[in-house]
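Following: one structure in structure tokens, then a few remarks.
Protein chains in written order, with the numbering used here: chain A, 8 to 263; chain B, 181 to 423.
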């Protein structure tokens, strides 16, 4: 395969991202507002139901919830859309040679842009909450980086595997349902008994979302052992994703 | 017309391509339970060297590996064994309608498709007027692609591909896009390419087309090269063919 200009790859990645953004909210009246409306509805429902069962409520619970939901929606939408993306875009694969990773990555990137836009809207009420501190920016940026890199890595892995094994798509859908409850979005880790804490060590979203919650409502940031475990998992998954995608992408055409 | 310029633009070395025949998509379980698969060699130890400006017709029956060889040259498919080396931009005119997005306008699709073919944004900026004029889309250029007729989509695909300034052009002789007027236009454009120093590889059943446009003919049978030579190969391929 011949080397291609880095510039061309960036332009193509951006062009595909633009396509994703443009195509998503075509023919919808509320367009981009759906992005905030969805987690807002989730927040209202969970914010009503969950405190009925849990005695020790979290400070600024609705804000806490919304922070986690926005980040979670970014992750789950990206992964569930990127996983079958190579199969769906088979006519691009058959058209020409271009770096295949732009297909899943453009989906994650377009979701990230949507997410950041939604977060900026969310920022307006947060400011009146007076919980933002100088550390908030660092917390938020680190959390965002972690979740973004993990999403890229995971979606490279699942989208590549889904070409040969279409079960992967169903597996991802199923695991996302469980994953939501294995992530501290509606609850806080302080409510988890220590003997079960190892489960959250394996979930890289734990630290990422904790960091964002710390940024928004000033809840406790992740401990160092949690942070280390999560970063190692992210690095591992991303490395495997890149390797597998690289190896498999040469043979996509054979399976489509 | 032999070639003064001896630059090699394409070299296929010991290319083989094995396909696994999957009657149905394997599930994860099947993959681990039964390991053996039916296989099929679409190409077998192909060696071809192409110089700049050569016009090559690849002929052979259905299933002889013609399409596979084009896919491998285009980089869409990766050979099981062997090495492909190409110089310059390879553009295939095989699947013209591929790579368009129905929700985007013709204008936006030109950018997307052009970039998929390897063009830079700036390059497309320069050529977009020519592309629109060539595709003859007029006011439809701002309409989403799902409003286009089949012919319009093909015309747009053709216009983008020929403006991508390919060094190596991969063609299917059954190329027909649009009405008579556009077919004439596309034929003229291709003739222009045939006259230039472009390297062109055509896959075809149409021996007359090869005889009138190509300088070299490669005959494939069951994934191997039977003959590789001048137009005399046509006669050997089909003795009934007269010219």
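Think of the CB as a built atom: it goes at the ideal place given N, C-alpha and C, for glycine as much as any other residue.
_Nearest by alpha-carbon distance to residue 296/B: which of 122/A, 101/A, 126/A, 117/A is it?_
For the options 122/A, 101/A, 126/A, 117/A, the alpha carbon positioned closest to that of residue 296/B is the one of 101/A.
*Whose Cβ in chain A lies nearer than 7 Å to the Cβ of residue 295/B?*
18, 19, 22, listed in chain order.
*asked:* Check whether the stretch 379-390 of chain B and the stretch 236-245 of chain B are in contact - that is, three or more C-beta pairs closer than 8 Å.
replied: The stretch 379-390 of chain B, when compared against the stretch 236-245 of chain B, does touch it at the 8 Å Cβ threshold.
*With a cut-off of 8 Å on the beta carbons, I'd call residue 271/B and residue 346/B a contact; round off their distance for me.*
Yes, they are in contact, since the Cβ atoms of residue 271/B and residue 346/B sit about 4 Å apart, within 8 Å.
*Residues, ordered as in the chain, of the stretch 244-256 of chain B that lie near chain A by beta-carbon distance below 9 Å*: So the close ones are 251, 254, 255, 256.
*Own chain partners of residue 251/B with C-beta closer than 6 Å, once the 5 adjacent residues on each side are dropped*: Here residue 251/B has 257 as same chain residues with Cβ atoms under 6 Å from its own Cβ, once five neighbours each way along the sequence are excluded.
*Please specify which runs of the beta strand (DSSP E), each continuous and at least 3 residues long, are wholly inside the stretch 109-138 of chain A, giving them in chain order.*
As far as the stretch 109-138 of chain A is concerned, it has no whole beta strand (DSSP E) run of at least 3 residues.
*For residue 209/A, decide whether its Cβ has a neighbour in chain B, counting only Cβ atoms nearer than 8 Å.*
No, because no Cβ of chain B sits closer than 8 Å to the Cβ of residue 209/A.
*Cβ neighbours of residue 260/A in the same chain (closer than 7 Å, five flanking residues each side left out)*: Excluding sequence neighbours, residue 260/A sits near 100, 101.
*Taking C-beta to C-beta, are residue 339/B and residue 315/B nearer than 8 Å?*
Yes, they are a contact pair.
*For residue 65/A, which residues from the same chain have a beta carbon less than 6 Å from its beta carbon, with the 5 sequence-adjacent residues on both sides left out?*
Within its own chain, the residues whose Cβ lies closer than 6 Å to the Cβ of residue 65/A, once the five positions on either side in sequence are excluded, are 71, 195, listed in chain order.
*Where do the N-terminal and C-terminal ends of the alpha helix (DSSP H) with residue 256/A fall, by residue?*
Residues 231-256.
*Taking the runs of the alpha helix (DSSP H) that are 4 residues or longer, which of them lie wholly in the stretch 170-241 of chain A?*
Within the stretch 170-241 of chain A, complete alpha helix (DSSP H) segments of at least 4 residues are found at 174-188, 205-208, 212-224, given in chain order.
*Compare the C-alpha of residue 405/B against each of 319/B, 274/B, 218/B, 222/B and name the closest.*
Ranking 319/B, 274/B, 218/B, 222/B by Cα distance to residue 405/B puts 222/B first.
*Below-8 Å beta-carbon distance, residue 305/B vs any chain A residue*: Not one chain A Cβ lies under 8 Å of residue 305/B.
_Under 8 Å from the C-beta of residue 278/B: neighbouring residues of chain D_ = No chain D is part of this structure, whose protein chains are labelled A and B.
*asked:* Under 8 Å, Cβ to Cβ, is there at least one residue of chain B near residue 10/A?
replied: Confidence is the limiting factor: at residue 10/A the pLDDT is only 42, short of 50, which leaves the residue's position unreliable, though a coordinate-based value still follows. Proximity of residue 10/A to chain B, defined by a Cβ-Cβ separation below 8 Å, is not satisfied.
*Under 8 Å between the Cβ atoms of residue 391/B and residue 414/B?*
Cβ atoms of residue 391/B and residue 414/B: closer than 8 Å.
_Please confirm whether residue 316/B has its beta-carbon closer than 8 Å to some beta-carbon of chain A._
For residue 316/B, not one C-beta of chain A is nearer than 8 Å to its own C-beta.
_Closer than 8 Å at the beta carbon, the chain A residues around residue 225/B_ = Within chain A, no C-beta atom comes nearer than 8 Å to that of residue 225/B; the closest sits roughly 19 Å away.
_In this structure, how does DSSP classify residue 9/A when only helix, strand and coil are distinguished?_
A caution first: residue 9/A carries a pLDDT of 41, below 50, which makes its placement in the model unreliable, though a value can still be read off. Under the three-state reduction of DSSP, residue 9/A is assigned to coil, being neither helix nor strand.
*Cross-chain neighbours of residue 291/B in chain A, by beta carbon under 8 Å*: Neighbours of residue 291/B across chain A, judged by C-beta separation under 8 Å: 22.
_Please confirm whether residue 70/A has its beta-carbon closer than 8 Å to some beta-carbon of chain B._
Chain B contact via Cβ: absent.
*Note down, one range per segment and in chain order, each beta strand (DSSP E) of at least 3 residues found wholly within the stretch 345-397 of chain B.*
Runs of the beta strand (DSSP E) spanning 3 or more residues and lying entirely within the stretch 345-397 of chain B occur at 348-352, 379-383, in chain order.
*asked:* Just to confirm the assignment, what range does the beta strand (DSSP E) spanning residue 421/B have?
replied: Here residue 421/B belongs to no beta strand (DSSP E), and DSSP marks it neither H nor E.
*Can you give me the start and stop residues for the alpha helix (DSSP H) that residue 42/A sits inside?*
For residue 42/A, the uninterrupted alpha helix (DSSP H) segment begins and ends at 41-60.
*Beta-carbon neighbours of residue 30/A, restricted to chain B and to distances below 7 Å*: Those within 7 Å of residue 30/A in chain B are 281, 283, 284.
*So which residues on chain B does residue 66/A lean against when the C-beta distance must stay under 7 Å?*
Within chain B, no residue comes near residue 66/A; the closest Cβ sits about 44 Å away, beyond 7 Å.
*Does any CB atom of chain A fall closer than 8 Å to the CB of residue 190/B?*
For residue 190/B, the answer is no, since every Cβ of chain A falls outside 8 Å of its Cβ.
*Hey, quick one: how far does the beta strand (DSSP E) through residue 408/B stretch, first residue to last?*
Note, residue 408/B: beta strand (DSSP E), 404-409.
*State the start and end residues of the unbroken beta strand (DSSP E) segment that holds residue 235/B.*
Unbroken beta strand (DSSP E) run through residue 235/B: 235-239.
_Near-chain B residues of the stretch 83-95 of chain A - C-beta to any C-beta below 7 Å_ = Within the stretch 83-95 of chain A, no residue qualifies.
*beta strand (DSSP E) containing residue 303/B: first to last residue?*
Run containing residue 303/B: none in the beta strand (DSSP E); it sits in the alpha helix (DSSP H), 301-315.
_I'd like to know if residue 300/B contacts chain A, where contact means its C-beta is closer than 8 Å to some C-beta of that chain._
Judged by the 8 Å Cβ criterion, residue 300/B is in contact with chain A.
*Using CA coordinates, which residue listed in 263/B, 200/B, 226/B, 293/B is at the minimum distance from residue 18/A?*
Checking every option, the nearest Cα to that of residue 18/A belongs to 293/B.
*In angstroms, rounded to a whole number, what distance separates the CA positions of residue 254/A and residue 243/A?*
Going from the Cα of residue 254/A to the Cα of residue 243/A covers about 17 Å.
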